[in-house]
Amino acid sequence: MDSCAQLYTGWIYVSLVCLLTTSVKAYDEFKLDNAGFGVELMQIYQYDDFDDCRRVYPGFVYCTVQLRLLPDAASALWNSIQKYSASPRHFDRRTIEVGSCLQECSPSFDMTTGNVTAFLYTCLQAKIWSQYQLNSSIVLARCKSAADANATNESWMTVVAGSAFIAWTVGALLLVIWATISDIGNASRVVKKINVSSSVIVRSFSIRRNLSNLIMSDERAELNLGHLNGIRAITMMITLLSHSSIPLIRMPLKNVDQLEAQFDQSWFPLAMAGNTYTVQLFFVIGGLLLVVNVLQQTKESSTVGMPYFMDRVKNRLIRIFPTYMFVILFHSSWYPRLYDGPVGDRFKDHCVKNWWTNLLFVNNYIHPSEP
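In our numbering, the protein residues as written are 13 to 383.
As structure tokens, this is what we get:
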């Protein structure tokens, strides 16, 4: 009886030890899971409201700072951050971007008498420590004050670009209006073929004429390549949409974890590969159509020399240069006036001062590092 009791007691003891060991292991895994979950939800973009800062404090100072978390091997959170940030599909949680209104830390702060860098370091380091119990260092700081917001320091190059943009826009609108009115007047007075009823300028800029050309089918059977042009248009739209979504990855977000969740989906590698193949398909179709066009134009000639090449360059410039000039002049003169605040100042825009190198197509040779 005593032997049975001892055996029973030993079995209970072993069971309790196993249960305790399993519980401790489960608790450790639970802590690791929760640490990873906390890392996933870290706010790597922490911006104070810029408009509130400017409205509440007349002498405001708003600084954007990149804080680099300092390694701490004894911190379980730091080890989780290090492991999580090592994945190429995750945002780097070791760098935190903070937009700070300095008067929120100290309403009496005065930029003229205070040391902005030292004040930022003290204020933001305490803020980050309260969140993660980790020390940090300032990597980059950009500040915008009330004096900067009210200052207008446009260079003469920007003024020239703005004036050229206004002149180009007004001239193009007047030309379109004149061509459209002339085309409508010619059509109401004399009935002629659509391609010889007016001058080259009227045919090129008339809204009435070009709208009809958009829906007109090509009756030449040997050049019926509309399906290829349609595929090229679709691939071009896909490429533009893909590139326009890139700024979402570089701009401050509150829900980076949701964006990362898309990166971990099974379709994400296929989508990324699809973008590459779509761009390649666009260039292949464009090259094919260009070859067909060149062969069609040169089938009556035995040689293709420099005059033909220069004529092709001239035609291509006529097609793309007006729109290209419109975009460059707008981006270098009027676009900077449309954004205000720390997000708009994140990237240094070299086009504001080097716009002329793009218009002259020498940006690959003059200031190539500042396109």
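Glycine included, C-beta positions come from ideal geometry on N, C-alpha and C.
Contact check, residue i vs residue j, beta carbons under 8 Å
{"i": "Pro264", "j": "Ala158", "result": "no"}
{"i": "Ser112", "j": "Cys135", "result": "yes"}
{"i": "Leu53", "j": "Asp352", "result": "no"}
{"i": "Leu237", "j": "Phe217", "result": "no"}
{"i": "Val304", "j": "Thr310", "result": "no"}
{"i": "Trp90", "j": "Pro100", "result": "no"}
{"i": "Asp357", "j": "Lys139", "result": "no"}
Whole-angstrom distance between residue j and residue i, CA atom to CA atom
{"i": "Ala85", "j": "Leu271", "result": "29 Å"}
{"i": "Val171", "j": "Arg154", "result": "25 Å"}
{"i": "Ala173", "j": "Gln277", "result": "45 Å"}
{"i": "Ile56", "j": "Val374", "result": "39 Å"}
{"i": "Trp367", "j": "Ile340", "result": "7 Å"}
{"i": "Trp180", "j": "Val151", "result": "43 Å"}
{"i": "Ile227", "j": "Asn370", "result": "34 Å"}
{"i": "Asp122", "j": "Gln143", "result": "27 Å"}
{"i": "Glu109", "j": "Leu253", "result": "27 Å"}
{"i": "Ser15", "j": "Ala273", "result": "Per-residue confidence for Ser15 stands at a pLDDT of 47, beneath the threshold of 50, marking its modelled position as unreliable; no derived number is given."}
{"i": "Leu302", "j": "Thr335", "result": "21 Å"}
{"i": "Phe131", "j": "Arg105", "result": "24 Å"}
{"i": "Ser313", "j": "Val212", "result": "26 Å"}
{"i": "Met318", "j": "Ala98", "result": "55 Å"}
{"i": "Arg67", "j": "Leu350", "result": "19 Å"}
{"i": "Val182", "j": "Asn327", "result": "24 Å"}
{"i": "Leu372", "j": "Ile178", "result": "19 Å"}
{"i": "Asn376", "j": "Trp141", "result": "46 Å"}
{"i": "Lys266", "j": "Val325", "result": "48 Å"}
{"i": "Phe275", "j": "Gln94", "result": "19 Å"}
{"i": "His102", "j": "Leu260", "result": "14 Å"}
{"i": "His379", "j": "Leu114", "result": "36 Å"}
Reduced DSSP secondary structure (H/G/I, E/B, other) of residue i
{"i": "Glu382", "result": "coil"}
{"i": "Thr107", "result": "strand"}
{"i": "Gln78", "result": "strand"}
{"i": "Leu372", "result": "coil"}
{"i": "Gln277", "result": "coil"}
{"i": "Leu28", "result": "Because Leu28 sits at a pLDDT of 42, beneath the cut-off of 50, its placement in the model cannot be relied upon, and the point is left open."}
{"i": "Ser148", "result": "strand"}
{"i": "Tyr59", "result": "strand"}
{"i": "Lys95", "result": "helix"}
{"i": "Val73", "result": "strand"}
{"i": "Ala85", "result": "coil"}
{"i": "Ser112", "result": "strand"}
{"i": "Arg66", "result": "helix"}
{"i": "Tyr39", "result": "Note on Tyr39: pLDDT 39, under 50, position unreliable in the model; the coordinate value appears next. In the structure shown, Tyr39 sits in a helix (DSSP, three-state: H, G or I)."}
{"i": "Lys266", "result": "coil"}
{"i": "Ser257", "result": "coil"}
Minimum C-alpha distance to residue i - residue among the options
{"i": "Asn241", "options": "Val214, Trp279, Leu146, Phe294", "result": "Phe294"}
{"i": "Ile297", "options": "Val268, Arg220, Met54, Ala245", "result": "Ala245"}
{"i": "Cys65", "options": "Cys75, Ile56, Tyr57", "result": "Cys75"}
{"i": "Thr288", "options": "His255, Leu260, Leu301, Pro259", "result": "His255"}
{"i": "Ser87", "options": "Ile213, Pro100, Phe72, Val51", "result": "Val51"}
{"i": "Ser148", "options": "Arg80, Ile258, Phe62, Val73", "result": "Arg80"}
{"i": "Arg257", "options": "Ile243, His239, Met284", "result": "Residue 257 is actually Ser in this sequence, not Arg. For the residues Ile243, His239, Met284, the minimum Cα distance to Ser257 belongs to Met284."}
{"i": "Ser194", "options": "Ile261, Lys266, Arg221, Leu260", "result": "Arg221"}
{"i": "Asn198", "options": "Gly356, Val214, Leu114", "result": "Val214"}
{"i": "Met169", "options": "Tyr377, Pro380, Gln292, Trp346", "result": "Trp346"}
{"i": "Thr342", "options": "Gln94, Ala176, Ser92, Asp160", "result": "Note that residue 342 corresponds to Phe in the displayed sequence, not to Thr. Taking only the C-alpha atoms, the option nearest Phe342 is Ala176."}
{"i": "Pro348", "options": "Ile330, Cys363, Trp141", "result": "Cys363"}
{"i": "Met248", "options": "Leu114, Gly299, Val291, Asp361", "result": "Val291"}
{"i": "Leu146", "options": "Ser92, Gly286, His102", "result": "Ser92"}
{"i": "Leu417", "options": "Phe338, Phe321, Ser118, Leu329", "result": "No answer is possible for residue 417: the residues shown for the chain start at 13 and end at 383."}
{"i": "Tyr5", "options": "Ile330, Val306, Arg331", "result": "Here the chain covers residues 13 to 383 and nothing more, so residue 5 does not appear."}
Cβ-Cβ separation, residue j to residue i (assumed contact under 8 Å), whole Å
{"i": "Ile219", "j": "Thr251", "result": "With 8 Å as the limit, Ile219 and Thr251 do not qualify as a contact, their Cβ atoms being about 28 Å apart."}
{"i": "Pro354", "j": "Phe62", "result": "6 Å"}
{"i": "Ser167", "j": "Lys365", "result": "7 Å"}
{"i": "Gln78", "j": "Thr107", "result": "6 Å"}
{"i": "Glu116", "j": "Asp60", "result": "6 Å"}
Proximity test, Cβ basis, 8 Å: residue i and chain E
{"i": "Asp276", "result": "The structure shown has no chain E; it contains just one protein chain."}
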